[in-house]
Amino acid sequence: MPKDLWRKVAKESNRYFQQTLTARYTKEWFLHREIKKPDIQTHEFLHVLGLLMARMLNQHRRRFRDHWRTTVKGAVPRGTFSDFMARHRFERIMANLRFTNNAYFRATTDRACKVRSVIATLQQIFPTSYKTPPVISFDEGILPSRNRSNPTRQYLKAKPHKWGTKMFLTCCAATAYCTRKMQTHVLLGTVVFAIIEVYCGKAQQTMEVGNVPENQQSVDPNTGPAAVIRNLEAVLPTHRMMYFT
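Below, the structure is given as structure tokens:
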């Protein structure tokens with residue numbers, strides 16, 4: 000991932016903290032205490048990302064705070080996350096983690112606005128690091144999420160993870176990477192090599208496409224009924240014959 004993306008995440012997280020500071024803390028003493036805390040740095044966000052990946056690879060049913068436990072409890076050893084970041088600092092970063100400015104004018108109409116900057120970056124870097132195979136496939140996948148605050152969450156009973164964000168994926172048909180694993184980091188980092196799109200719902204697509212100029216649309220114009228043909232053409236080399244089956 001480009002370093003500019005990590006810098007943008009740190010910048011937007013600090014912006015969100017300033018935007019919501021007075022609403023969160025009504026008492027003056029708490030307000031002054033929070034203001035004195037240093038801004039989120041880019042390397043700190045990378046540490047948080049690494050700790051979340053470690054949690055994913057080594058799951059347990061205890062509380063998340065137990066990763067910072069300083070004593071041994073029975074056969075359970077003490078936590079190790081404190082060797083990399085203090086718990087209060089980790090919780091502060093997670094509470095303010097943002098990818099897009101909430102004051103952006105499309106935030107009220109685009110359901111995927113909060114992660115649109117990340118999606119746009121992935122769209123740019125994946126085609127440069129993966130050679131398009133002769134046979135490719137267009138399919139859909141699910142980013143698992145049961146968070147009810149997720150505006151793009153939906154239920155698909157035919158998927159291994161039934162609740163989550165629906166993604167349109169352009170994948171290699173020979174190796175079938177998109178069917179190997181259904182974990183979030185795999186879908187975002189390995190499976191999709193060129194096109195990633197978030198399905199924001201039929202209502203948003205129908206309202207904008209065909210009625211709003213393309214430069215003013217908050218939805219991705221490659222979604223909808225013509226998503227298959229448009230996305231396959233986007234990753235195929237130019238001046239070549241294309242056959243669709």
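Per numbering that gives the first Met the number 0: the sequence shown = residues 0 to 244. Glycine included, each C-beta is placed from N, C-alpha and C at the ideal position. All values reported here derive from a predicted model rather than from experimental measurement.
Where residue i falls, given that 16 or more other Cβ within 10 Å makes a residue buried
i            : result
alanine 193  : A caution first: alanine 193 carries a pLDDT of 39, below 50, which makes its placement in the model unreliable, though a value can still be read off. Counting Cβ neighbours within 10 Å, alanine 193 comes out buried, since at least 16 surround it.
alanine 111  : buried
glycine 49   : exposed
histidine 31 : exposed
histidine 87 : exposed
arginine 115 : buried
lysine 156   : exposed
glycine 188  : Summary for glycine 188: the model assigns pLDDT 35, below 50, so the residue's position carries little reliability, and this model does not support an answer.
lysine 180   : Reliability of the predicted coordinates at lysine 180 is poor, the pLDDT of 26 falling under 50, and no value is obtained from them.
Cβ pair residue i, residue j closer than 9 Å
i              : j                 : result
arginine 97    : valine 8          : yes
proline 1      : threonine 99      : no
threonine 169  : phenylalanine 137 : yes
glutamate 139  : isoleucine 92     : no
isoleucine 141 : methionine 166    : yes
serine 81      : isoleucine 39     : no
histidine 46   : phenylalanine 83  : yes
arginine 61    : valine 75         : yes
Whole-Å CB distance - residue i paired with residue j, under 8 Å assumed
i            : j              : result
glutamate 33 : leucine 20     : 7 Å
glutamine 18 : asparagine 101 : 7 Å
Residue closest to residue i, alpha-carbon to alpha-carbon, out of the options
i              : options                        : result
tryptophan 5   : Lys113, Gln123, Val117, Leu142 : Val117
asparagine 57  : Gly78, Pro37, Pro143           : Gly78
arginine 145   : Arg60, Trp162, Met55, Thr70    : Trp162
lysine 36      : Phe16, Ala53, Val47            : Phe16
proline 133    : Thr151, Cys171, Asp109         : Cys171
glutamate 90   : Thr151, His66, Tyr154, Gly73   : His66
threonine 151  : Thr108, Arg23, Arg64           : Thr108
lysine 113     : Asn95, Ala173, Met55           : Asn95
aspartate 3    : Arg147, Thr41, Glu27, Lys158   : Thr41
threonine 260  : Ala85, Met55, Tyr154           : This structure cannot speak to residue 260, because the chain is shown only from 0 to 244.
methionine 262 : Gln153, Arg147, Pro143, Pro159 : Within the shown structure, residues of the chain are numbered from 0 to 244, placing residue 262 beyond reach of any answer.
arginine 14    : Tyr103, Tyr154, Arg147         : Tyr103
Problem - Complete runs of the alpha helix (DSSP H) confined to the segment 93-174 [at least 4 residues] - result: 115-128
Going along the chain, which unbroken runs of the alpha helix (DSSP H) with 4 or more residues stay wholly within the segment 43-103?
-> 86-95
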